[in-house]
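J.:
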Amino acid sequence: GNSVTQMEGPVTLSEEAFLTINCTYTATGYPPLFWYVQYPGEGLQLLLKATKADDKGSNKGFEATYRKETTSFHLEKGSVQVSDSAVYFCALSEGGGFKTIFGAGTRLFVKA
Amino acid sequence: GAVVSQHPSWVICKSGTSVKIECRSLDFQATTMFWYRQFPKQSLMLMATSNEGSKATYEQGVEKDKFLINHASLTLSTLTVTSAHPEDSSFYICSASGTANSPLHFGNGTRLTVT
Numbered sequence: 008g009n010s011v012t013q014m015e016g017p018v019t020l021s022e023e024a025f026l027t028i029n030c031t032y033t034a035t036g037y038p039p040l041f042w043y044v045q046y047p048g049e050g051l052q053l054l055l056k057a058t059k060a061d062d063k064g065s066n067k068g069f070e071a072t073y074r075k076e077t078t079s080f081h082l083e084k085g086s087v088q089v090s091d092s093a094v095y096f097c098a099l100s101e102g103g104g105f106k107t108i109f110g111a112g113t114r115l116f117v118k119a
Numbered sequence: 055g056a057v058v059s060q061h062p063s064w065v066i067c068k069s070g071t072s073v074k075i076e077c078r079s080l081d082f083q084a085t086t087m088f089w090y091r092q093f094p095k096q097s098l099m100l101m102a103t104s105n106e107g108s109k110a111t112y113e114q115g116v117e118k119d120k121f122l123i124n125h126a127s128l129t130l131s132t133l134t135v136t137s138a139h140p141e142d143s144s145f146y147i148c149s150a151s152g153t154a155n156s157p158l159h160f161g162n163g164t165r166l167t168v169t
């Protein structure tokens, strides 16, 4: 079945450092891919998405490119801020419908 | 953007009582809503898929008689934890989507503590 694998956390960075959170997927075809972010005590928010292969999603300085050759959707940001501290989830939409498969989540801590 | 409202945001109840959690899509119609459970520092575990006007589809290992789901309209789904026990204490999150393959919109979650 479909699955999403993320790098284990926590990831601890200093402010203004470069961020990469790796995500790879296993799926039939090329399903839409998403990154969601969860701040402490809250639900998840969509961070960015890519609906087809080779698309790049971007938002708030974060980027991720849908790479079918490597079945990856790595999240990157050039300069992180303390306010980026959160848990990040990579996900895919399967079955041509509504069901979403989530990765395990990667916790990011950014120090001032 | 699309908003999903979840209520209450936190609740404390005694063992043996039932708790109802509401999930509303405020500005779009959601034919399908999802209920998740999240343990501390873990990912979301899908509990069930709620379809408007029909019975919910439960994931393997989730007790349907304990976690009652009702999706009576296109904007409201409820999860009732019946005869709650301390092991039911968790963070419950709902989500909804208006169309297939669209991003999910999440409620802010409900922290349930059973004493």
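First to last, the protein sequences are chains A and B. If you're matching positions, the first sequence starts at 8 in the numbering used here and goes up one per residue. If you're matching positions, the second sequence starts at 55 in the numbering used here and goes up one per residue. Ideal placement from N, C-alpha and C gives every residue a C-beta, glycine not left out.
1. What is the DSSP secondary structure of Ser-79 of chain A, reduced to helix, strand or coil?
2. Suppose you measure from the CA of Val-94 of chain A to the CA of Tyr-73 of chain A; what does that come to, to the nearest Å?
3. I need the boundaries of the beta strand (DSSP E) containing Phe-96 of chain A, first residue and last residue.
4. Skipping 5 residues on each side, what residues in its chain have a beta carbon closer than 6 Å to that of Val-44 of chain A?
5. Can you check the stretch 29-76 of chain A for any alpha helix (DSSP H) of at least 4 residues that lies completely inside it and give the ranges in chain order?
6. Pick from B:Arg-165, B:Ile-147, B:Ser-156, B:Ser-151: whose alpha carbon is nearest that of Leu-98 of chain B?
7. What do you reckon, are the CB atoms on Val-87 of chain A and Ala-119 of chain A nearer than 8 Å?
8. Who are the near neighbours of Ala-84 of chain B in its chain, counting only those whose CB is closer than 7 Å to its CB and skipping five residues on each side?
9. Classify Gln-96 of chain B as buried or exposed, calling it buried when 16 or more other Cβ atoms lie within 10 Å of its own Cβ.
10. Going by alpha carbons, who is nearest to Ile-66 of chain B out of B:Gln-92, B:Asn-162, B:Gly-161, B:Ser-144?
11. Can you pull out the residues from the stretch 64-84 of chain B whose beta carbon lies closer than 7 Å to at least one beta carbon of chain A?
12. Leu-80 of chain B: buried (16+ other C-beta within 10 angstroms of its C-beta) or exposed?
13. Pick helix, strand or coil for Val-57 of chain B, following the three-state DSSP scheme.
14. Just how far apart, CA to CA, sit Lys-118 of chain B and Leu-115 of chain A?
T.: Here's the rundown:
1. Along the first sequence, read from residue 1 onward, the residue named residue 79 of chain A stands at position 72. Note: Ser-79 of chain A maps to strand in three-state DSSP.
2. Taking the first residue of the first sequence as position 1, residue 94 of chain A is located at position 87. Taking the first residue of the first sequence as position 1, residue 73 of chain A is located at position 66. Going from the Cα of Val-94 of chain A to the Cα of Tyr-73 of chain A covers about 20 Å.
3. Taking the first residue of the first sequence as 1, we reach residue 96 of chain A at position 89. Residues 93-100.
4. Within the first sequence, numbered from 1, the residue matching residue 44 of chain A stands at position 37. These residues qualify, in order along the chain: Gln-52, Leu-54, Ala-93, Tyr-95.
5. none
6. For the purposes of this step, residue 98 of chain B is identified with residue 44 of the second sequence, where counting begins at 1. Leu-98 of chain B has its Cα closest to that of B:Ile-147, out of B:Arg-165, B:Ile-147, B:Ser-156, B:Ser-151.
7. If you number the first sequence from 1, residue 87 of chain A lands on position 80. If you number the first sequence from 1, residue 119 of chain A lands on position 112. The answer is no: Cβ separation not under 8 Å.
8. The residue you call residue 84 of chain B lines up with position 30 of the second sequence. Cβ within range, chain order: Leu-128, Thr-129, Ala-150, Ser-151, Gly-152.
9. The residue given as residue 96 of chain B occupies position 42 in the second sequence. The residue in question, Gln-96 of chain B, is exposed, as its Cβ has fewer than 16 Cβ neighbours within 10 Å.
10. One-based indexing of the second sequence puts residue 66 of chain B at position 12. Closest option to Ile-66 of chain B, Cα to Cα, is B:Ser-144.
11. none
12. Position 26 of the second sequence, counted from the first residue, corresponds to residue 80 of chain B. With fewer than 16 other Cβ atoms within 10 Å, it is exposed.
13. On the second sequence, residue 57 of chain B is found 3 positions in, with the first residue counted as 1. Note: Val-57 of chain B maps to coil in three-state DSSP.
14. Numbered from 1 along the second sequence, position 64 holds the residue referred to as residue 118 of chain B. Numbered from 1 along the first sequence, position 108 holds the residue referred to as residue 115 of chain A. Their backbone Cα atoms lie some 35 Å apart in a straight line.
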